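Peer 1:
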Amino acid sequence: MDENGAPVSGFDPEQYARVERAAQVVGKTPEVFVRDAALAAADDPFIKALVDGRDRVGNLAEVLSTQDTRAAGDDRTAWPDPAQMSSRDLHEIEQHGHAA
382 MDENGAPVSG FDPEQYARVE RAAQVVGKTP EVFVRDAALA AADDPFIKAL VDGRDRVGNL
442 AEVLSTQDTR AAGDDRTAWP DPAQMSSRDL HEIEQHGHAA
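By this note's numbering, the letter at position 10 of the sequence shown is numbered 391, and the numbering carries on one by one without gaps.
#1: Any contact of the region 440-449 with the region 413-423, i.e. 3+ C-beta pairs under 8 Å?
#2: Hey, quick one: how far does the alpha helix (DSSP H) through F427 stretch, first residue to last?
#3: Q405 to K429, Cα distance in whole Å?
#4: For V415, does the count of other Cβ atoms within 10 angstroms reach 16, so buried, or fall short, so exposed?
#5: In chain order, what residues of the same chain have a beta carbon less than 6 Å from the beta carbon of E401, not counting five sequence neighbours either side?
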């Protein structure tokens with residue numbers, strides 16, 4: 382129990398009352414209701430994708446920071462500066478994924 386006498390901590394009295402009402406509706410104690418909600422949130426596919434994405438981006442950034450992605454003297458592998466491109470060039474990149 383917390384200092385307010387509420388068995389589930391982290392809620393002010395109004396919030397705890399809301400949790401109690403919701404728990405009663407589904408036939409659970411507030412403790413079980415909060416535990417189940419927390420576990421369901423942790424298993425949410427969107428949350429899992431965010432965690433996986435965060436890990437993958439970190440790993441990818443580490444790998445890319447140690448590699449030179451351009452061949453020596455090969456300017457064709459560098460992306461053109463969009464500020465120096467025409468709207469037609471930008472449209473072609475959008476349509477085909479690369480400049481013609």
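Note that the Cβ used here is the ideal one computed from N, Cα and C, for glycine as well. All figures in this text were calculated on a predicted structure; none of them were measured in a lab.
Peer 2: Quick look at the numbers:
#1: Using a Cβ-Cβ distance cut-off of 8 Å, the region 440-449 and the region 413-423 are not in contact, since fewer than three pairs of beta carbons, one from each stretch, lie closer than that value.
#2: Counting along the chain, the alpha helix (DSSP H) containing F427 begins and ends at 426-446.
#3: Going from the Cα of Q405 to the Cα of K429 covers about 29 Å.
#4: The C-beta of V415 has 16 or more other C-beta atoms within 10 Å across all chains shown, which makes the residue buried.
#5: Cβ neighbours of E401 beyond the five flanking positions: P411.
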